[in-house]
Amino acid sequence: MDKHEREIESAELSIWFFCGILMLAYGVVLVITGITELHNPPPNEVLLPWLEALHPTLWWGVLLTAFGGFYSVRFRPGRT
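Residue 44 is where the sequence shown starts when you use my numbering, and the numbers rise one by one after that.
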């Protein structure tokens with residue numbers, strides 16, 4: 044067994060990489076939903092009237108996308 048085969052067998056993935064991928068996926072979904080809500084706002088029963096002007100879905104999506112992108116790049120496999 045050579046050095047390359049041992050490295051492949053002992054490779055471990057960080058849990059933070061998977062958290063980053065999940066945050067990135069949820070963030071992208073929320074950004075798309077937030078952009079959709081800009082053009083077609085939900086009824087007031089779904090979102091409180093005073094929150095409608097703040098667009099919380101869009102902002103949470105941007106925040107999750109940023110953090111997910113950071114964690115995915117920072118803890119990607121093969122990074123030394």
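Even for Gly, the Cβ is constructed at its ideal location relative to N, Cα and C.
Pair every Cβ in the stretch 98-109 with every Cβ in the stretch 56-63, then say whether three or more of these pairs are closer than 8 angstroms. Too few Cβ pairs lie closer than 8 angstroms, so no.
Which whole-angstrom value describes the C-beta separation of P86 and E95, a residue pair presumed to lie in contact below a C-beta threshold of 8 angstroms? Here the question's residue 86 lines up with position 43 in the sequence shown. Here the question's residue 95 lines up with position 52 in the sequence shown. At roughly 10 angstroms, the Cβ-Cβ gap does not stay under 8 angstroms, so P86 and E95 are not in contact.
Short of 7 angstroms in beta carbon distance, which residues of its chain neighbour S115, apart from the five on each side in sequence? Order them along the chain. Residue 115 sits at position 72 when you count from the first residue of the sequence shown. These residues qualify, in order along the chain: F60, G63, I64, L67.
Simplified DSSP assignment, three categories, for P84: Residue 84 sits at position 41 when you count from the first residue of the sequence shown. Assigned with DSSP and collapsed to three states, P84 falls in coil, not helix or strand.
Could you check how far apart the C-beta atoms of G111 and G70 are, in whole angstroms? I think they sit under 8 angstroms. By 1-based counting over the sequence shown, the position of residue 111 is 68. By 1-based counting over the sequence shown, the position of residue 70 is 27. Contact holds; Cβ gap of about 5 angstroms.
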